[in-house]
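See below for the structure under consideration.
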Amino acid sequence: MPPDFLAQNLPLLLKGAGMTLRLAFLAFVIGLVLGTFVGLARLSPWRPLALLTTAYVEVLRGTPLMVQLLLIVFGIPQALGLQVDEFRAAVVAFGINSSAYVGEIVRAGIQSLDRGQMEAARSLGMSYAQAMRWVILPQALRRVIPPLVNEGVTLLKETSVVAMIALTDLTRSAQLVASRTYRPFPAYLTAAAIYFAMTFTFSRLAALVERRLRVE
Amino acid sequence: MIRIEGLHKRFGKLHVLKGIDLHVRPGEVVCIIGPSGSGKSTLLRCINRLEEPTEGRIYIAGRPLPPGGRELDQVRAELGMVFQRFHLFPHMTALENVMSGPVIVKGMDRAAARRLALELLAKVGLQDKADAYPAQLSGGQQQRVAIARALAMEPKAMLFDEPTSALDPELVGEVLAVMKDLAREGMTMVVVTHEMGFAREVADRVIFMDGGVIVEEGPPEVIFTSPREERTRAFLSKVLRV
Ligand SMILES: Nc1ncnc2c1ncn2[C@@H]1O[C@H](COP(=O)(O)OP(=O)(O)OP(=O)(O)O)[C@@H](O)[C@H]1O
Ligand SMILES: [Mg+2]
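If you read the protein sequences in the order shown, they are chains C and R.
Using the numbering used here, the final residue of the first sequence is 579, and nothing's skipped along the way.
Using the numbering used here, the final residue of the second sequence is 735, and nothing's skipped along the way.
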């Protein structure tokens, strides 16, 4: 790859990567927080709540992310006559989508624990919430880290569909560079390298955190 | 202390408990014996409502067992339960396990809970294991921590579901010794067990269950030497031979 190509186009690509990172990070935070509640709600002893969240998860997993994105960024605002910032709307769309997957991970993490843990906690007199908070969730946390990292990596890659709604993320920037220079190969190769650098760094960091937690 | 009247439990079509009447007096040690699948665990789990009774009434210290909510939590706090497979909290040390009830349920301050927990660990002979995690303890040690954890709530009665069945034979004695101490101190205990020696020595009353009913009950010297029922005799001759 000629150095002048990089010198001329890297700044634009890195700027795009910045947007990708911000988008993925904010959406992941929303996904984690919302998803934890989704996972807990699916296991709720109160049936209506469990059924409602099951439906929420099924709908989000059973429809294309692209369609969800278009619906939230363009569809809903128009129907309600609202002006929305596209970046923020995209953050919300990815966050909601991710919450369904995080919810399933949290639910599976909790269910993978021995039923006796909940029973032991309850028979000491803990309420359901206390047992969750002090006994179940701390154990589930260790088990959900690897699948959550997966979800984070997937989310970061999937944000590339925002190129379709004209947000200049990394993928969109690569498209711009490709068409401006007529050299798609180095443009997309560089984009791929930057994506990989981001996902790889993230999963390495997470592995470090996980090892820390396991020592205890 | 614990009164059970006309208790039935069905799991779908399976009729597991078919009308149990049982009254455990304060300070009494009741051992429940019987073949596998006869409903012993289910009976014990109905007493603190880990299983929902299908029919019948249960009274703890004269009051009906509440259906749920905070009232049930409070009753459970007064009934210690010890499980076959210990169920210690693996992310807490032995000390933290024992402290967990007083701190989380009663809101006791940590220093006081710590003193109480150390005392109880000493009582079960494990003061030097306070900082060990369950994974670092033998089965017998884990079960003793589990007993200490239950005692930390200062229960009015203790329920044991085959507390030594998951243990290697050489570790059974240390757990039974702790239970004997408790019995001697006057703790009300309901013990599901296959340890006939323990039942004979410690029980005030032995209950033989089969097929979801209490077939026979009486003092251990009667049940073990001259049972009235044929089913009791058949069961005892089987277990006492091995
Ligand atoms: N949660 C459940 N759902 C369905 N069936 C159950 C459940 N728990 C227990 N059973 C059934 O109820 C019957 C009695 O079980 P229980 O565990 O009370 O017997 P047990 O006398 O304790 O036997 P063991 O000596 O093997 O522990 C068994 O047939 C068992 O399969
Ligand atoms: Mg049993």
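The beta-carbon is built from N, C-alpha and C at its ideal position, and this holds for glycine as well.
For residue 543 of chain R, the closest Cβ of chain C is nearer than 8 Å. One Cα belongs to residue 548 of chain C, the other to residue 541 of chain C, and the distance between them is close to 8 Å.
Contact with chain C is found for residue 576 of chain R, since one of that chain's Cβ atoms lies less than 8 Å from the residue's Cβ.
Distance from the CA of residue 646 of chain R to the CA of residue 576 of chain R, rounded to the nearest whole angstrom, comes to 16 Å. The Cβ-Cβ distance between residue 402 of chain C and residue 473 of chain C falls below 8 Å. The secondary-structure analysis by DSSP pairs residue 710 of chain R across a beta bridge with R:700. In the structure shown, the three-state DSSP call for residue 426 of chain C is coil.
Taking the Cβ of residue 527 of chain R as the reference point, at least one heavy atom of ligand 1 falls within a distance shorter than 7 Å.
Judged by beta-carbon spacing, residue 716 of chain R lies within the 8 Å limit of residue 701 of chain R, meaning their Cβ atoms are closer than that value. Against chain C, the CB of residue 621 of chain R has no partner CB under 8 Å away; the residue lies outside that interface. A direct Cα-to-Cα measurement between residue 390 of chain C and residue 577 of chain C gives close to 27 Å.
Distance from the C-beta of residue 479 of chain C to the nearest heavy atom of ligand 1 is not below 7 Å. Here residue 408 of chain C is exposed: its Cβ has fewer than 16 other Cβ atoms, across all protein chains shown, within 10 Å. The three-state secondary structure of residue 680 of chain R, taken from DSSP, is coil. Assignment of residue 509 of chain R by DSSP, reduced to helix, strand and coil, places it in the strand class. Distance check between residue 543 of chain R and each of C:479, C:456, C:457 and C:571 places C:479 closest, using alpha-carbon atoms only. For a Cβ distance threshold of 9 Å, residue set 487, 488, 489, 490 and 493 of chain C lies close to residue 598 of chain R, ordered along the chain. Close to residue 594 of chain R, with beta-carbon spacing below 7 Å, are these residues of chain C in chain order: 487 and 488. No Cβ of chain C is located within less than 8 Å of the beta carbon of residue 587 of chain R.
In the structure shown, the three-state DSSP call for residue 557 of chain R is strand.
Sequence-distant Cβ neighbours of residue 382 of chain C in its own chain, meaning closer than 6 Å and more than five residues away, are 532. Chain order gives no chain C residues near residue 653 of chain R, where near means a beta carbon separation below 7 Å; the closest approach is about 12 Å.
For residue 471 of chain C, the nearest beta carbon of chain R is not closer than 8 Å to its own beta carbon. A distance below 8 Å separates the beta carbons of residue 683 of chain R and residue 517 of chain R.
DSSP lists R:496 as the beta-bridge partner residues of residue 516 of chain R.
For a Cβ distance threshold of 8 Å, residue set 487 and 488 of chain C lies close to residue 646 of chain R, ordered along the chain. The Cβ-Cβ distance between residue 536 of chain C and residue 376 of chain C falls below 8 Å. Chain-order list of chain C residues neighbouring residue 567 of chain R: 488, by C-beta distance under 7 Å. Contact of residue 559 of chain R with chain C is not assigned, every C-beta pair being separated by 8 Å or more.
Two segments are said to touch when three or more pairs of C-beta atoms, one from each, lie closer than 8 Å; by this definition the stretch 571-589 of chain R touches the stretch 635-651 of chain R. Uninterrupted alpha helix (DSSP H) stretches at least 4 residues long and entirely within the stretch 470-549 of chain C occur at 478-486, 491-494, 500-521 and 533-544, given in chain order. Any Cβ of chain R closer than 8 Å to the Cβ of residue 483 of chain C would place that residue at the interface, and such an atom is present. Scanning chain C for C-beta atoms nearer than 8 Å to the C-beta of residue 625 of chain R yields nothing, as the closest lies near 13 Å away.
Its Cα nearest to that of residue 642 of chain R, the residue R:581 stands out among R:581, R:530, R:675 and R:692. The beta carbon of residue 655 of chain R sits closer than 7 Å to at least one heavy atom of ligand 2. Under the 8 Å criterion on CB atoms, residue 431 of chain C is classed as non-interfacial with respect to chain R.
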